[in-house]
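Undergrad: The sequence shown runs 10 to 82 under the numbering used here.
Cβ coordinates follow ideal geometry from the N, Cα and C atoms, glycine included.
Just so you know, these numbers come straight off a predicted model, no measurement behind them.
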Amino acid sequence: MSNNIQEKIQQEIQNAREVCNLDNKEACAAAWDAVEELQAAASHQRQSEPTKSSLEKYCDDNPDAAECRLYED
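This is how it looks when you write it as structure tokens:
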């Protein structure tokens, strides 16, 4: 996941805390909604990144290994 979205989340959290200190409940709720939306986007981004099994990683590093051979019928 990109650090850019994490930085943006941290900025929005700080903003939400500042807004909530002003005793404006509606603005406070909206600020935390923005934080939640960014966190959800970050979560979806992580889920969409393909993960490789340990065998796939091994075969990437050792394509000639016996375990990585592909046989056609």
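Is it the case that the stretch 58 to 76 contacts the stretch 35 to 48, given that we only count it when at least three CB pairs across the two stretches are under 8 Å?
TA: No, the stretch 35 to 48 does not touch the stretch 58 to 76.
Undergrad: Helix, strand or coil: which one does DSSP assign to residue 73?
TA: Your numbering for residue 73 matches position 64 in the sequence shown. Here residue 73 sits in coil by DSSP.
Undergrad: For the candidate residues 30, 33 and 41, whose alpha-carbon lies nearest to that of residue 19?
TA: Along the sequence shown, one-based indexing puts residue 19 at 10. Nearest of 30, 33 and 41 to residue 19, Cα basis: 41.
Undergrad: Tell me the rounded alpha-carbon separation between residue 10 and residue 17.
TA: Translated into the one-based positions of the sequence shown, residue 10 becomes position 1. Translated into the one-based positions of the sequence shown, residue 17 becomes position 8. In this prediction, residue 10 scores a pLDDT of 46, lower than 50, which makes its location untrustworthy; the coordinate-derived value is nonetheless stated afterwards. Cα-Cα distance, rounded: 13 Å.
Undergrad: Check for me: the alpha helix (DSSP H) holding residue 24 runs from which residue to which?
TA: By one-based count along the sequence shown, residue 24 stands at place 15. Run containing residue 24: 12 to 29, per the alpha helix (DSSP H) assignment.
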